[in-house]
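Sequences listed follow chains A and B, in order. Counting the first sequence from 1 gives a position; my numbering is that position plus 534. Counting the second sequence from 1 gives a position; my numbering is that position plus 14.
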Amino acid sequence: RKEVEQDPGPFNVPEGATVAFNCTYSNSASQSFFWYRQDCRKEPKLLMSVYSSGNEDGRFTAQLNRASQYISLLIRDSKLSDSATYLCVVNVYGQNFVFGPGTRLSVLP
Amino acid sequence: GAVVSQHPSRVICKSGTSVKIECRSLDFQATTMFWYRQFPKQSLMLMATSNEGSKATYEQGVEKDKFLINHASLTLSTLTVTSAHPEDSSFYICSAGPPGLAGGSYNEQFFGPGTRLTVL
């Protein structure tokens, strides 16, 4: 089983749609969780950290369920500019970051 | 957020040559930097952890004699691909991120812009 797994995608959604991505991780000692966004042929950039209580940043909402070892990202009112690959990243403090395979999103006009 | 730079951004070389890639943290000191490789349509795969003043830690399956890492200062790590072959063609990305950086998320990693290596 891979350490971090994500919905395979791709997700093709119309502008304005709401889309949700799921991520599961296998290491119960994981302490930090992030969603990164990667545009084609570019480096990953932090979208948001994921906190135990859940957190929201504008149209983006991230949730963490430690018991189920599950992370989610919800994008509301999707824009064309949201088209990218979304990477779930998990870290045990002091150890390396583990990236999920990514979920590709295409927002269509 | 913090800034990590990489140089060069793109390199094309002949098979058998060596290529050096630099990763710099511009506004913070990084005792640890990470080197990743990403093949087309695949996720980032950690190659090695670069530790300032000591030997790098390589992931399983990564040849340490082929991918030489030097972390000589708190702001610079270099990755040298020795005797490069076409199968080494990839997108190489470094990251760094000290814990407790003011304004940054806990344990956040900042990525360099990447180096696209093409070996002919």
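Built from N, CA and C at the ideal position, the CB exists for glycine as well. Keep in mind that this is a model prediction, so the values were computed, not measured.
> Closest Cβ-Cβ distance between Glu549/A and chain B: below 8 Å?
Replying inline: no
>> Would Gly636/A pass as an interface residue toward chain B - the criterion being a Cβ-Cβ separation below 8 Å?
In response: yes
> Whose C-beta lies closer than 8 Å to the C-beta of Ser617/A among residues of the same chain, with five residues either side of it excluded?
Replying inline: Leu639, Ser640, Val641
>> Suppose contacts are defined by Cβ-Cβ distances below 8 Å. Is Gln565/A in contact with Asn625/A by that definition?
In response: yes
> Where do the ends of the beta strand (DSSP E) carrying Lys579/A lie?
Replying inline: 579 to 583
>> the ligand ZN and Glu122/B: does any heavy atom of the ligand fall closer than 7 Å to the residue's C-beta?
In response: In the structure shown, the ligand ZN is absent, as is every other ligand, since no ligand is present at all.
> Tell me which same chain residues have a C-beta within less than 6 Å of the C-beta of Ser39/B, skipping the five on either side of it?
Replying inline: Val18, Thr89, Ala110
> With DSSP run on the structure shown, which of helix, strand or coil describes Glu73/B?
Replying inline: coil
> Is the shortest distance between the beta-carbon of Ser583/A and the beta-carbons of chain B less than 8 Å?
Replying inline: yes
> Which residues, in chain order, does the segment 48 to 63 of chain B contribute to contact with chain A at a C-beta distance below 7 Å?
Replying inline: Phe48, Ser57, Leu58, Leu60, Thr63
> Do Gly634/A and Leu614/A have their C-beta atoms closer together than 8 Å?
Replying inline: no
>> For Ala116/B, which residues in the same chain have their Cβ closer than 6 Å to its Cβ, ignoring the five residues on either side in sequence?
In response: Legend: pLDDT at Ala116/B = 42, less than 50; position of this residue unreliable, value from coordinates given subsequently. So the list is empty, once near-sequence residues are dropped.
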